[in-house]
Structures are given as structure tokens and as C-alpha cells.
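Visitor: Taken in sequence, the protein lines are chains A and B. Going by the numbering used here, the first sequence opens with residue 3, and the numbers climb by one from there. Going by the numbering used here, the second sequence opens with residue 146, and the numbers climb by one from there.
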Amino acid sequence: MKVTLERAALLKALGHVYRIVERRNTIPILANVLVEADKDGLLLKGTDLSVETTERAPAEVAKAGATTVAAHILFDIVGKLPDGAQVSLEADGDASRLTLRSGRSRFQLQCLPASDFPALSAGDMPHRFELEAAELGRLIDKTQFAISQEETRYYLNGIYLHVVESSGKHALRAVATDGHRLARVETPAPKGAVGMPGVIVPRKAVGEVRKLLADAEGTVTVEVSPTKARFVVGSAALTTKLIDGTYPDYARVIPQGNDKRLVVEKQAFKDAVDRVSTVSSDRGRAVKLAVGDGKMTLSVNNPDSGSATEEIEVDYDSTPIEIGFNSRYLLDIAAQVDGDTALVRLADSGSPTLFQDRDGASALFVLMPMRV
Amino acid sequence: MGLSALALCRDCFAEAPAARCPRCGSPRLLRHDERDRLTIAHVDCDAFYASVEKRDDPSLRDKPVIVGGARRGVVSTCCYLARVHGVRSAMPMFEARRLCPQAIVVKPDMAKYVAVSRQIRALMRALTPLVEPISIDEAFLDLSGTERLHGASPDVVLARFAARVEAEIGVSVSIGLSYCKFLAKVASDLSKPRGFSVIGRAEANAFLADKRPNLIPGVGPAAARRLAAAGIATIGDLQTIEPDAAFALLGPEGPRLCALAQGVDARPVRVARETKSVSSETTFNDDVAEPGALETRLLALCERVAARLRAQGLATRGVTLKLKTADFKSRTRAVSGLAPTRLAGRLFAAAKPLLAKEARGEAFRLIGIGADDLVSAEEADRGDLADHGAPREAAREDAIAKLRDKFGAGAVRRGRLVEAEAAQPQGLEGAKGSKRTMRPTMVKSP
């Protein structure tokens, strides 16, 4: 194999691929990235056996071939090369060593054979649809924060992506919950999505897809089978195994009868929560909201450090209510509410509370109260 | 110095200047310079389970008695006659039977022992409110400031207490009296059974000096090995060590252990001991390898642990599975960070995957389950946005618990456990505790 390309192109492609590779590995080849040169240029691939990313980079291929080399070392080397440098990669016949040359630098890296590199056999992907990159980014941003970290309920460790039908219209919906909060957001179902199975995309894959989307434009192709999903973003493709489990019936916990409507200026609310929670010993401490006629009093009481109160104006004309929430969860949700105001629908101090931009918004958030 | 120059007769509580009590002639005299000034006592029942069994069946009185699992399992307690033959607590039953084939083996009847233990504890509480139970048959007592109340110093009060337990309850106790918990506990062990030993401040250091370091609670086999490697063979050697060196040698606990070596123990006698974990385990009659059978035993244990959590108003966030292989290797697997629960079904659901990873055809002789990371039951099993079942499950187990309280533990049983018991005539060891037996089953050895 012999290939030459620009440092910037190599760095960008490696940047997408090497993140998948775990630094500590019991299987040595999993610490490597696959480097393959063919007539279309350079192909890079990294895997952790459940998520796999490939990326192409334009390159001048003098001789086709493939090998694998330590991902983090290669990334660090390329990162330290000067801007605008040309990089050549050359593997000898039996591909036991990769020689990297750039300017006056020369590196010889140990290789493992490309034929040993595990492939996440994608198999048949029967469902395929296209979606604006920005729209997929929105589905992820508004749900990612609520993904559970809990190992015992492993089926909550991802985003539940599925298609629902209401009044004849199909929507692609993303849901995440950790039991304390739930985020649900939807977008009109793209052509090809209808009929796909509901799938749980694991947290790591969600995070990596989000990073691929960061500098993507135009549309993204999503392919789904019952056990795997693939996201094609520009020249990069991420294939992931899906979480094998049944997602809980989340519709049951979205409150329908919460009749106390509170409208609050989002930024003012967020700032106030942030300020009063400063006296909490940890960021998970409860903030108490006392909502009465036209105003809300936020307070935090921490026996160890002191207390804080702040009053903000709100739109509210139901019976007064006092309710406590985890301040960090409130901030997470406030960050995902789009408009200038947020609509909060309450029932009582012990029941799940609903947060939205406005009635009928495509994103909604449910939060369990805390005892205060 | 007053009374302490005289000995205390432990049978008639008179003050005796001679070798025998001049009033009743008893040789059981307690002589110690500080005996009327020490206030911390450790009370330990002598061969508790065996003593209770002997009390309830006089025909056992002169025979060696072993309380423990019948064919397999271990010795829970053995009477002093059995100990003469070398039988010890925690010894595998087959070994105990080999050492003492004429022994009578009695299955433990925990409900009865708990009842007796409560009676004894009530007598302790009559002496002082500062009673710290450390197990079913042991407790620390702090008698400071009770002299005027009882009109006698703690040594006299304790001697009367020991006599009263023997007379009213029918089991004997051994008493250790000192100025701190550590030495009180050491003292109670010095002259069992029916012992009463005193370790005073004056002789504490000298007394400890020639003892092995593992006498100190907290110095286990590993620490003892490390000490031996550093040339420390006795507590006396340990007394000379600087706190810094102790830290280097024994870690963060080092300085505290060194202080104990010098007879310095500031731990107060605490009334309430927080429950740190609730667990239950069973040793099988025959090694079990079949995963389904292991799971059934596990379920029975989960029921037991759940019942005990319920009784104490506790819930758990962590579950530990314990297994012992046929060749006596222990293995524990734990899961933590659960939503707090006190339900048998949830404990089982948490432990089942742990067992599934271990039960792959290997034979086990013991299985156990523990609930650690305990919290108040108040916040338990309330369910959340992704768990709608918890409140219903809780209501169901609550209802079953009520039925069991009213009609006995066997009133409502899980089908799986009933089936397993039917399939296995000698009964499920794991479910033993839930069957209310009115008299102990006796298994006479051939």
C-alpha cells in the first residue's frame, strides 16, 4: 500500500473514526484503525464491536492495499504535523509495518493484518430513509440528555426511535427517559421510515452520530434493520448494534389531565434556577417552586450552606401550588425548550409535570417531582 | 480501695476475704483490685443454641449436642461436651460427626432462640439503658452511673444478673468486665462457660503484651501475615509501634488498631446499631449445579430477605449474590444503584442475572443473597416514568405479607417454591425459615 494525502483531510477523517476506538482493549486489534487504499482514495475504519465508523478521505493512491495501526498514536501524530503538510502512508509487502512520512518526519508503526480486523457485518438493512442533518440533530439534542446510565434497565440506555401515526399523519419520534425525566420529540416521518421497527439506538452511537452531524450539511441517510442501524453522514458512515430490549410504554406516563397552566419566560426561569441552586451541596438538590397568582418563588434550602430565594413573574391563574424538582433536570429541560416562553402543565406536587414550548409543540418533556 | 481488696462471691454476692465464700462456701470468687470501678461489660451466652435445646429437652443434658444443618451444612453451635471432642462452631457437619459420632444433632429453631434472646435482653435493659446487642447471644452493657440505682457496683450487679439469667431463663452466660469494649469482649472469653473475668486498667498492657495480634478486632489473617512479615508476633510488639509506622503497615486503620493494642478503645456503647445489610443463605444437602434449581433456591432466599427488610422498615439499593462451589471456594457478585426496593420479586430480578452468569453447570454447595446499601422503605418501590409496575407489585407483596402475618408463613406461597418442594421430599433448605416448626426436628446419628 502506498498513499499520499493532505494532513487536514486525514485528520478530519481520523477524528471521526478514532473516537469509537476504546483506549483500553483486551483484544489488541480493537485499538487499531483500519487503513485501506483503493481506487477511490483512503478508507478508515474504527470499531468497538458494537459501533463501527468508516470515513473516506480523498487521496492519491500509488498502490492499493490495507493494514491496521494503533488509532490513538496515528491520530496524535497527524495532529502534531504542521498545517498544510502532505502525508504519505506506506506499508511493506506483508503489511507488518506502516511508514508515515511528512516533510522531514518519519514514523514506523507496528501493524496488525487487515484481514484480522473485525467487521460489523451489516447484513440486510430493509428500511431506509433520508432526513435533514439539522432535523436528526434536533431529535438527538432534545432527547440525549434524558438517556439513562443505569445498567439494570439497559433498555433505557439509548434513544427509542420509532414511527407513530396520529390522525392519519406519520411522525418519526425519538424518546429517552431515565425514569426521572422523559423527553419526546418528533418530526414528520420521512419517506421510507413508515413500517420500520421501533429501535433503541445505544448512547455511545447517539453521541457519535451527533458529532458526525456537527459539520454536516444537507441530508443524512438512515438505514434500519431489527438488529442494526446505519447513519450515513457525508463521507462518514456509522453502523451500530441496537439495544435488544423492549422499550417501556412511555405514552402512559405522559400526563393528559394536568390542568394547571403556567407560562414562564424561559431565560428568566433558567437563570433563576441556576442562581438559587448555587447553595445546593450538589447539583442534584431540589429547588422548590411556589407558584401563586402571577408569580413564582424559587427557593433552595441547604442545611449545610444556607438558603436562596428568587421571585419571577409568571402567567398563572390556577390554585397556588408548591412543587420541588431536581435543579439540574430543570436546567436540562429549559435548555431544550425552543421558544422565549415555556409552558408548564402541573397537576399536584406529587405528580409528573409536563414542559413544552407551547400547546402542540413537537417536543415535550416530563419531569417527576421531588419531595421538598 | 474499699471493697475491691475483698473478693465477690458470685453465688451469694457476699464479700469474701478468703479462698471460699465464708457465707455459702462457694469457691466461685471474683477477685480484682478494680472490680468495683469498671463499668463496661460484655455478656456472652454459653453455647447459646445448644443450651436452649438442653433446657427444653432434659434428656439431652448429659449428651453432646450439636445445633446445625442436618446432613450437610455447618455447626451453628455445639455444647461444651461436644467441644471436648474437638467440635467447633462453623465446622462442616460431616467433620463434626466424624469427631463426635455420638453427638445428637438438632436443627436450629431460630424463632425460639430469638425469643430467648429477647428475654435475656429485657433483663439487661433492667440494668442499664445502654445495651448494645452485637448478635443474638452477645451484648455490650455500659453500667456507668447506675451504682446508686442498684445500690451496688457494676460487678455485683452483673453477678446477680448472671445468676438471674440461669435461674429464670435456664441458660448460662459469661461476663467480661473492663473499662472499654475491646477488653470487656476479650475478658468474657477468658473463662467460659459461666465465667466472670475482669481486666483492669492497671494490667491491660501487660495482659495484652503476650497475646497474638489477631486478638484485636480488625486484625484478620491478611493483616496478621503483614505484621508477622514485619517481625511483629505479639500485641506487645505492636504496642511499641509509632502511629506513622502503623499507618504504613496496616493502612488507615493502623493507628486505631495500635491504640487497641495499648488497651485504648474510645468506642462508646451504642444503643441502636444500624442494620448495614440483611442477608440469608443456605447450604444444600447435595451440591446443586442445575441453573433452574439454583434459581428456585435463590427465590426462596429472596422471600426471606424481603420479609426481614419489611419487618425492619428497610429497602435496599444493592444486592449481593454469594455462592460457594463444591470445593469450598466462595464467590460473590453484586449489583448496586438499584431503585430502592424491599420486594422479593425485585430482589430476585436483580440477583437472577448475577446467578445466570455463574450458574453454568458448575456444582455449588451454598447459595446466599444479601441486601446491602440499605435505605428507609419509605422511598422504596414508588415506581418512576419507566417503571409503572412497582406500586402494584408493592401492593401485592404487602397484601401477601398481611396474610402471612395472620395465617402463618405458609398461608401464601409462590407456586414455584411449592412445586420445587413437592419435587424434592426432604424440603427446600432455603424455605426452612418460613415454615413454622413448633419443635425442633432431631436427627440422631446412626
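Where a beta carbon is used, it is the ideal one built from N, C-alpha and C, also for glycine.
1. In three-state terms, what does DSSP make of Tyr-318 of chain A?
2. Jot down the residue ranges of each uninterrupted beta strand (DSSP E) in the segment 87-111 of chain A, minimum 3 residues, whole runs only, in chain order.
3. Step through the CB atoms of chain B and report whether any lies within less than 7 Å of the CB of Ile-250 of chain A.
4. Suppose contacts are defined by Cβ-Cβ distances below 7 Å. Is Phe-327 of chain A in contact with Leu-369 of chain A by that definition?
5. Can you name the start and end residues of the beta strand (DSSP E) that Lys-230 of chain A belongs to?
6. If we ignore side chains and look at the alpha-carbon of each, how far apart do Ala-349 of chain B and Val-423 of chain B end up?
7. Would you kindly work out how many angstroms separate the C-alpha atoms of Glu-179 of chain B and Gln-264 of chain B, rounded to a whole number?
8. Go through its chain and collect everything with a Cβ distance to Asp-282 of chain B's Cβ below 7 Å, but skip five positions before and after it.
9. Looking at chain B, which residues of the segment 145-179 of chain A have a Cβ within less than 7 Å of any of its Cβ atoms?
10. Quick check on the DSSP output: what are the complete beta strand (DSSP E) runs of length 3 or more inside the segment 504-540 of chain B, in order along the chain?
11. Identify the continuous alpha helix (DSSP H) that holds Ser-280 of chain B and give its terminal residues.
12. Which chain B residues sit within Cβ distance under 9 Å of Met-370 of chain A?
13. Jot down the residue ranges of each uninterrupted alpha helix (DSSP H) in the segment 123-176 of chain A, minimum 4 residues, whole runs only, in chain order.
14. What does Gly-181 of chain A reach in chain B if we use C-beta pairs closer than 9 Å?
15. Grab me the residues of Ala-15 of chain A's own chain with a C-beta within less than 6 Å of its C-beta, minus the 5 sequence neighbours each way, in chain order.
16. Among A:Leu-291, A:Glu-313 and A:Ile-314, which residue has its Cα nearest to the Cα of Leu-332 of chain A?
17. Determine the direct distance from the alpha carbon of Leu-44 of chain A to that of His-129 of chain A, and round the result to whole angstroms.
18. Ignoring anything shorter than 3 residues or poking outside the segment 10-77 of chain A, list the beta strand (DSSP E) runs there in chain order.
19. Let me know if Ile-29 of chain A comes out buried or exposed under the rule of 16 or more other beta-carbons within 10 Å of its beta-carbon.
20. Which class does Thr-470 of chain B belong to by DSSP, given the choice of helix, strand or coil?
21. Report the CB separation of Arg-347 of chain A from Asn-260 of chain A in whole angstroms; it is logged as a contact under 8 Å.
22. Could you please tell me which residues of the segment 494-526 of chain B, in chain order, have their CB closer than 9 Å to any CB of chain A?
23. Skipping 5 residues on each side, what residues in its chain have a beta carbon closer than 8 Å to that of Phe-493 of chain B?
24. CA-CA distance, Gly-376 of chain B and Phe-239 of chain B?
25. Where DSSP assigns a beta bridge to Cys-648 of chain B, which residues make up the other side?
26. Would you kindly work out how many angstroms separate the C-alpha atoms of Arg-462 of chain B and Val-302 of chain A, rounded to a whole number?
27. Could you tell me which whole beta strand (DSSP E) segments of length 3 or greater appear in the segment 180-229 of chain B?
28. Let's see if you can read the secondary structure: which residues bound the beta strand (DSSP E) around Arg-476 of chain B?
29. How is the beta strand (DSSP E) around Asn-303 of chain A delimited, first residue to last?
30. With C-beta atoms as the reference, is Leu-488 of chain B less than 7 Å away from Gly-181 of chain A?
31. Would you please verify whether the beta carbon of Val-346 of chain A is less than 7 Å from any beta carbon of chain B?
32. Just the chain B side, please: which residues come within less than 8 Å of Pro-354 of chain A by C-beta, in chain order?
33. Asp-287 of chain B bridges to which residues according to DSSP?
34. Rank B:Asp-287, B:Leu-483, B:Thr-427 and B:Gly-231 by C-alpha distance to the C-alpha of Thr-470 of chain B and give the top, closest one.
35. If we ignore side chains and look at the alpha-carbon of each, how far apart do Gly-218 of chain B and Asp-254 of chain B end up?
36. I'd like to confirm the pairing. Which residues does DSSP put opposite Ile-335 of chain A in its beta bridges?
Guide: Short version:
1. Working through the first sequence from its first residue, we reach residue 318 of chain A at position 316. Note: Tyr-318 of chain A maps to coil in three-state DSSP.
2. Runs found: 88-93 and 99-104.
3. Position 248 of the first sequence holds residue 250 of chain A. Contrary to the premise, residue 250 of chain A reads as Pro rather than Ile in this sequence. The Cβ of Pro-250 of chain A sits closer than 7 Å to at least one Cβ of chain B.
4. Along the first sequence, read from residue 1 onward, the residue named residue 327 of chain A stands at position 325. Along the first sequence, read from residue 1 onward, the residue named residue 369 of chain A stands at position 367. The beta carbons of Phe-327 of chain A and Leu-369 of chain A sit closer together than 7 Å.
5. By one-based count along the first sequence, residue 230 of chain A stands at place 228. Here the beta strand (DSSP E) through Lys-230 of chain A covers 230-235.
6. On the second sequence, residue 349 of chain B is found 204 positions in, with the first residue counted as 1. On the second sequence, residue 423 of chain B is found 278 positions in, with the first residue counted as 1. Roughly 36 Å separates the two Cα atoms.
7. Within the second sequence, the letter at position 34 stands for residue 179 of chain B. Within the second sequence, the letter at position 119 stands for residue 264 of chain B. Roughly 30 Å separates the two Cα atoms.
8. To locate residue 282 of chain B, count along the second sequence from 1; it is residue 137. Hits under 7 Å: Asp-189, Cys-190, Phe-193 and Ser-262.
9. Taking 7 Å as the upper bound on Cβ-Cβ separation, chain B lies near residues Glu-152, Thr-154, Arg-155, Leu-158 and Thr-179 of the segment 145-179 of chain A.
10. Given a length threshold of 3 residues, each whole run of the beta strand (DSSP E) inside the segment 504-540 of chain B is given here in chain order: 509-521.
11. Numbered from 1 along the second sequence, position 135 holds the residue referred to as residue 280 of chain B. No alpha helix (DSSP H) contains Ser-280 of chain B, which is instead part of the beta strand (DSSP E) from 276-280.
12. In the first sequence, the residue the question calls residue 370 of chain A occupies position 368. Those are Asp-529 and Leu-530, listed as they occur along chain B.
13. Taken in chain order, the unbroken stretches of alpha helix (DSSP H) that lie wholly in the segment 123-176 of chain A and span 4 residues or more are 135-146.
14. Sequence index remark: in the first sequence, residue 181 of chain A carries index 179 (1-based). Result: Ala-484, Gly-528, Asp-529, Leu-530, Ala-531 and Asp-532.
15. Looking up residue 15 of chain A in the first sequence gives position 13. Counting only Cβ-Cβ distances below 6 Å, and skipping sequence neighbours, we find Leu-46, Glu-57 and Ala-59.
16. One-based indexing of the first sequence puts residue 332 of chain A at position 330. The residue with the shortest Cα to Cα distance from Leu-332 of chain A is A:Leu-291.
17. As a first step, residue 129 of chain A must be located in the first sequence, where it is residue number 127. As a first step, residue 44 of chain A must be located in the first sequence, where it is residue number 42. So the alpha carbons of these two residues sit roughly 28 Å apart.
18. As far as the segment 10-77 of chain A is concerned, its whole beta strand (DSSP E) runs of at least 3 residues are 34-40, 43-49, 53-59, 62-65 and 67-72.
19. To locate residue 29 of chain A, count along the first sequence from 1; it is residue 27. Under the 10 Å beta carbon count, Ile-29 of chain A is surrounded by fewer than 16 other beta carbons and is classified as exposed.
20. Within the second sequence, residue 470 of chain B is the residue found at index 325, counting from 1. Looking at Thr-470 of chain B - three-state DSSP - the assignment turns out to be strand.
21. Walking along the first sequence from the start, residue 347 of chain A turns up at place 345. Walking along the first sequence from the start, residue 260 of chain A turns up at place 258. Between Arg-347 of chain A and Asn-260 of chain A, the beta carbon gap of about 4 Å places them in contact (Cβ cut-off 8 Å).
22. Cβ contacts with chain A: Ala-494, Ala-495, Pro-498 and Glu-524.
23. If you number the second sequence from 1, residue 493 of chain B lands on position 348. So the list reads Leu-443, Leu-444 and Cys-447, once near-sequence residues are dropped.
24. Position 231 of the second sequence, counting from 1, holds the residue named residue 376 of chain B. Position 94 of the second sequence, counting from 1, holds the residue named residue 239 of chain B. The C-alpha of Gly-376 of chain B lies about 38 Å from the C-alpha of Phe-239 of chain B.
25. Any property of residue 648 of chain B remains undetermined from this structure, which presents chain B solely from 146 to 591.
26. The count along the second sequence starts at 1 and reaches residue 462 of chain B at position 317. The count along the first sequence starts at 1 and reaches residue 302 of chain A at position 300. Spanning the two alpha carbons is a distance of roughly 27 Å.
27. Whole beta strand (DSSP E) segments, 3+ residues: 185-190, 210-213 and 220-223.
28. Translated into positions along the second sequence, residue 476 of chain B becomes position 331. Looking at the DSSP string, the run of the beta strand (DSSP E) that includes Arg-476 of chain B is 475-480.
29. For the purposes of this step, residue 303 of chain A is taken as the residue at position 301 of the first sequence. For Asn-303 of chain A, the enclosing beta strand (DSSP E) starts and ends at 297-304.
30. Translated into positions along the second sequence, residue 488 of chain B becomes position 343. Translated into positions along the first sequence, residue 181 of chain A becomes position 179. Against a cut-off of 7 Å, the Cβ pair of Gly-181 of chain A and Leu-488 of chain B comes out as no contact.
31. In the first sequence, counting from the first residue as 1, residue 346 of chain A sits at position 344. Not closer than 7 Å to any Cβ of chain B, the Cβ of Val-346 of chain A fails to qualify, so no.
32. Numbered from its first residue, the first sequence carries residue 354 of chain A at position 352. Here the neighbours are Leu-530.
33. If you number the second sequence from 1, residue 287 of chain B lands on position 142. Under DSSP, the beta-bridge partners assigned to Asp-287 of chain B are B:Ile-185.
34. As a first step, residue 470 of chain B must be located in the second sequence, where it is residue number 325. Nearest C-alpha to Thr-470 of chain B: B:Thr-427.
35. Against the second sequence, residue 218 of chain B aligns to sequence position 73. Against the second sequence, residue 254 of chain B aligns to sequence position 109. Using only the alpha carbons, I get a separation of about 15 Å.
36. Taking the first residue of the first sequence as position 1, residue 335 of chain A is located at position 333. None, per the DSSP bridge assignment.
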